[in-house]
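*Asks:* For reference, the structure I am asking about is given below.
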Amino acid sequence: MTQYSLFDYSISQDISTPEVAKRSIGSTPKGSKKTSRKIYVHDVGEELKGAKKHLNQQSGIDWTTIEEDPTIAYQKISKNELLKDWEVKDLKSDGFCSEAAYAIKLIWAKVCQRPEDTPQQRTDFIRAVETLRTLLSDARDKERLTEAIKQITEAVYHAKLATYAHQIQEKPELVNYRFWLALGDRFKTWILGNRTKRPAYISLIQKAFHTDQGKDWNWLKSGGEKRTQRRETKVKWERLVPEEVVRQSNQESGVRRPEDLVELFGFRGIQFGQWVQDVAGRYHVLCCGHALTDLVTILDLPLKAASFYGLLGLAFGARGSGAASAHYEPGNNIMNITKIRGGGSLCHEWAHALDFNLYSVSHRYTNGRRLSLSGNVPGSHLPHDVGRAFQELMNEIKEGEGLKQVVVPDPLPREQHGYRARVAELLKQHNYNIDATMMALKQSNYRIKPRMWNDIGLMYCNMLKREGMEVPSTFGIPTDESNFLLDARERGPYWRREHELFARAFESWIEDELNEKGMNNSYLVSGTRFGGPYPTHEERQNINDAFRNWWQTLHRSGILHDDQHWNR
Numbered sequence: 001m002t003q004y005s006l007f008d009y010s011i012s013q014d015i016s017t018p019e020v021a022k023r024s025i026g027s028t029p030k031g032s033k034k035t036s037r038k039i040y041v042h043d044v045g046e047e048l049k050g051a052k053k054h055l056n057q058q059s060g061i062d063w064t065t066i067e068e069d070p071t072i073a074y075q076k077i078s079k080n081e082l083l084k085d086w087e088v089k090d091l092k093s094d095g096f097c098s099e100a101a102y103a104i105k106l107i108w109a110k111v112c113q114r115p116e117d118t119p120q121q122r123t124d125f126i127r128a129v130e131t132l133r134t135l136l137s138d139a140r141d142k143e144r145l146t147e148a149i150k151q152i153t154e155a156v157y158h159a160k161l162a163t164y165a166h167q168i169q170e171k172p173e174l175v176n177y178r179f180w181l182a183l184g185d186r187f188k189t190w191i192l193g194n195r196t197k198r199p200a201y202i203s204l205i206q207k208a209f210h211t212d213q214g215k216d217w218n219w220l221k222s223g224g225e226k227r228t229q230r231r232e233t234k235v236k237w238e239r240l241v242p243e244e245v246v247r248q249s250n251q252e253s254g255v256r257r258p259e260d261l262v263e264l265f266g267f268r269g270i271q272f273g274q275w276v277q278d279v280a281g282r283y284h285v286l287c288c289g290h291a292l293t294d295l296v297t298i299l300d301l302p303l304k305a306a307s308f309y310g311l312l313g314l315a316f317g318a319r320g321s322g323a324a325s326a327h328y329e330p331g332n333n334i335m336n337i338t339k340i341r342g343g344g345s346l347c348h349e350w351a352h353a354l355d356f357n358l359y360s361v362s363h364r365y366t367n368g369r370r371l372s373l374s375g376n377v378p379g380s381h382l383p384h385d386v387g388r389a390f391q392e393l394m395n396e397i398k399e400g401e402g403l404k405q406v407v408v409p410d411p412l413p414r415e416q417h418g419y420r421a422r423v424a425e426l427l428k429q430h431n432y433n434i435d436a437t438m439m440a441l442k443q444s445n446y447r448i449k450p451r452m453w454n455d456i457g458l459m460y461c462n463m464l465k466r467e468g469m470e471v472p473s474t475f476g477i478p479t480d481e482s483n484f485l486l487d488a489r490e491r492g493p494y495w496r497r498e499h500e501l502f503a504r505a506f507e508s509w510i511e512d513e514l515n516e517k518g519m520n521n522s523y524l525v526s527g528t529r530f531g532g533p534y535p536t537h538e539e540r541q542n543i544n545d546a547f548r549n550w551w552q553t554l555h556r557s558g559i560l561h562d563d564q565h566w567n568r
């Protein structure tokens, strides 16, 4: 067993270093100036475009090409990103009155943070944000703000009409307003109102100009404090990064230098960030070599299949941002492992690379955009049995008999509806276990409509209360989805995307396969067995079985064993 520290880079292994380089490690040669030249961290192979060191002179984002990488598009196309060069406090120096600026702040608060996760919705969202920004750019006082709101209201009204086919037939020009709907239902309802409420912008004008809240720019201070509090209370899952990288394996990687990753595994290029020092770079190269060796061993693949025969690029600390542990860029076909938080994430990112590259293979690289196989229909060049086994895998990942958890209100509300006595009797038959009773009810001949499940669960809670028994804090509503997918839905839109579900299920499978073979590599994968957003219990075993079936089918096809399939 070999153990490396994630924060102590003094790995005592012999590295073949050129004589010139060896001299620069120790004392500086006579007559020369001391430099901080890196002898180990250097880019190898093809230059991998798009690293931070290539972009630090650029500003903004090329919105016309961002959809080439849907993962980056999802992350970047947001209200905060589109408005990052705009701050409401700057309106003061631009000649806006305090009340108008306050009203504009409230208007932007009604805009959703992100559009729906489709290319068209992202395109519409960009256009809508830019148009709204333009309309508000001269709303310096009450009169001009009121006029801007009238224009916005008219546009959103036309956008709503554009959702009706008969309106489009009468007025085809309405389709030109549809992009406004990308700002979200909350914004639309706020502008137009509904059957029971008048448009909320009317009260906005009242609040901004006829109360003390919008006066004298005092709202700027209180607004900043509230935003800070919200950020501090937000709970976020973070990948468990191992402090010590532990490896149990008998396989030698043969990797000693960045060049070895190209020569042995076939990566088209290796890239290092400008802040990655020699000791950190050396550590990541060695650990990555071991991790890739263990991965291809477990999957029974040729070494060069790890890079899809030269299509995949690999970067260390060159392309990350924020607290991300790692990421895969479909548009550039590059995995980036971050300098500090990269340990344990290689398997996850390789799963993304596999997912997206198999989709391209299924289309023989004629697809204009790089998409995932997990979330899209494969092309005609993927063998039928491989595609069928993969669909069975995705069904196993997403479908099941998961229970959607419902929090029991306190105080417990009274029963709103009466149900057949036999429905109530089921609770006693299942030892007053609400979850077991709900599952039995689903499997019975009763026709339970979706809206009825919550009422039945609360009825059972009231029955427990009347019997003097403990009322649970939650109960489960039966679904046709896996608990894995239900958990992802609870975590948010990012987590429930098909390619994220696939990648987390894949790394869970690999960690289990390593364990079964008496192997371990915490740089490759770590932490999938300790809760978090991963499959668990029987679902995990079923998903693992589906992975094995798909992988055997993929093996028989020869796709990952023949480089001819990967010639572009």
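Residue numbers (UniProt numbering): 1 to 568. Even for Gly, the Cβ is constructed at its ideal location relative to N, Cα and C.
(1) Might you give, ordered along the chain, the residues of its own chain that have their beta carbon closer than 7 Å to the beta carbon of His565, omitting 5 neighbours on each side?
(2) Near Glu481, what residues of its chain come up, given a Cβ to Cβ distance below 7 Å and the 5 sequence neighbours on each side ignored?
(3) Quick one: is residue 572 buried, meaning 16 or more other Cβ sit within 10 Å of its Cβ, or exposed?
(4) Using 8 Å as the cut-off, can you tell me whether the region 503-517 makes contact with the region 430-444, which would need three or more C-beta pairs spanning the two stretches below that distance?
(5) Pro533 to Asp435, Cα distance in whole Å?
(6) Would you identify the three-state DSSP class for Asn395, choosing helix, strand or coil?
(7) For the 8 Å Cβ check, are there 3 or more pairs between the region 461-474 and the region 378-390?
(8) Measuring CA to CA, which of Pro258, Phe272 and Gly273 is closest to Gly266?
(9) Between which two residues does the beta strand (DSSP E) harbouring Pro115 extend?
(10) Give the secondary structure of Lys339 by DSSP, where H, G and I count as helix, E and B as strand, and everything else as coil.
(11) Answer yes if the region 107-127 comes into contact with the region 161-170, meaning at least three C-beta pairs across the two stretches below 8 Å, and no otherwise.
(12) Determine which residues share a DSSP beta bridge with Gln248 and list them.
(13) Is Tyr446 helix, strand or coil when you go by DSSP?
(14) What does DSSP give as the partner residues of Glu415 in its beta bridges?
(15) Along the chain, where does the alpha helix (DSSP H) that runs through Leu183 open and close?
(16) Can you tell which of Arg247, His158, His499 and Thr528 has the C-alpha that lies nearest to the C-alpha of His352?
(17) In its own chain, which residues sit with a C-beta less than 6 Å from the C-beta of Arg489, not counting the 5 before and 5 after it?
(18) Taking the alpha carbon of Leu485 as the reference point, which residue from Gly343, Gln405 and Ser444 has its own alpha carbon closest?
(19) Out of Ser203, Lys465, Arg540 and Tyr523, which one is the CA nearest neighbour of Pro411?
(20) Pro535 to Arg548, Cα distance in whole Å?
(21) Judging by CA-CA distance, which residue of Val423, Gln251, Tyr102 and Asp545 is the nearest neighbour of Gly289?
(22) Would you mind reading off the limits of the alpha helix (DSSP H) that contains Phe316?
(23) Just to confirm before moving on: does the CB-CB distance between Arg370 and Gly331 stay below 7 Å?
(24) Roughly how many angstroms lie between the CA atoms of Arg420 and Val407, to the nearest whole one?
(25) His42 lies in the beta strand (DSSP E); which residues open and close that run?
(26) Quick check on Arg451: buried or exposed, where buried means 16 or more other Cβ atoms within 10 Å of its Cβ?
(27) When DSSP builds the beta bridges, which residues end up paired with Tyr328?
(28) Please go through the same chain and pick out, in chain order, the residues whose beta-carbon is closer than 7 Å to the beta-carbon of Asn544, but skip the five residues on each side of it.
(29) Which residues in the same chain as Thr297 place their Cβ atom closer than 6 Å to its Cβ, once the five residues preceding and following it in sequence are excluded?
(30) Ile126 to Trp180, Cα distance in whole Å?
(31) Give the secondary structure of Gln58 by DSSP, where H, G and I count as helix, E and B as strand, and everything else as coil.
(32) So, Val255 versus Gly317, is the Cβ gap smaller than 7 Å?
(33) Which residues mark the beginning and the end of the beta strand (DSSP E) in which Val406 is found?
(34) Of all the alpha helix (DSSP H) runs that stay within the bounds of the region 75-142, which reach a length of 4 or more residues?
(35) Anyone know if the C-beta pair for Glu99 and Ala208 falls short of 7 Å?
(36) Closer than 7 Å by C-beta to Thr134: which residues in its own chain qualify, once you throw out the five before and the five after it? Chain order, please.
*Replies:* In short, the structure shows the following:
(1) If we look at His565 and ignore the five residues flanking it on each side, its Cβ neighbours are Val361 and Ile559.
(2) Excluding positions up to five away in sequence, the list reads Lys398, Glu399, Gly400 and Gly402.
(3) Because the chain here runs from 1 to 568, residue 572 falls outside it and cannot be looked at.
(4) Contact between the region 503-517 and the region 430-444 is absent, because fewer than three Cβ pairs lie under 8 Å.
(5) Their backbone Cα atoms lie some 22 Å apart in a straight line.
(6) Note: Asn395 maps to helix in three-state DSSP.
(7) Counting Cβ pairs under 8 Å, fewer than three are found: no touch.
(8) Cα-wise, what sits closest to Gly266 is Pro258.
(9) Segment: none, Pro115 is in no beta strand (DSSP E) and carries neither H nor E.
(10) Three-state DSSP puts Lys339 in coil, outside helix and strand.
(11) Contact between the region 161-170 and the region 107-127 is absent, with fewer than three C-beta pairs closer than 8 Å.
(12) Answer is Asn520, bridged to Gln248.
(13) Coil, per DSSP.
(14) Glu415 pairs with nothing; no bridge assigned.
(15) Here Leu183 belongs to no alpha helix (DSSP H), and DSSP marks it neither H nor E.
(16) Residue His499 is the option with its Cα nearest to His352.
(17) Cβ within range, chain order: Arg496.
(18) When each option's Cα is compared against that of Leu485, the closest is Gln405.
(19) Among Ser203, Lys465, Arg540 and Tyr523, the Cα nearest to that of Pro411 is on Lys465.
(20) Rounded to the nearest angstrom, the two C-alpha atoms are 16 Å apart.
(21) The candidate whose alpha carbon is nearest that of Gly289 is Gln251.
(22) Unbroken run through Phe316 is the beta strand (DSSP E), Gly313 to Phe316; no alpha helix (DSSP H).
(23) Less than 7 Å separates the beta-carbon of Arg370 from that of Gly331.
(24) About 24 Å.
(25) Counting along the chain, no beta strand (DSSP E) covers His42, and no H or E run does either.
(26) By the 10 Å Cβ count, Arg451 comes out exposed.
(27) According to DSSP, which records beta bridges pairwise, Tyr328 is partnered with Met335.
(28) Trp509 and Asp512.
(29) Gln251.
(30) Roughly 10 Å between the two C-alpha positions.
(31) Low local confidence applies: a pLDDT of 40 at Gln58 is under 50, so the model's placement there is unreliable, and no value is given.
(32) In this structure, Gly317 does not lie closer than 7 Å to Val255 by Cβ.
(33) Per DSSP, Val406 belongs to the beta strand (DSSP E) from Leu403 to Val407.
(34) Whole alpha helix (DSSP H) segments, 4+ residues: 79-82, 98-109 and 119-136.
(35) In terms of Cβ geometry, Glu99 and Ala208 form a close pair [threshold 7 Å].
(36) Excluding positions up to five away in sequence, the list is empty.
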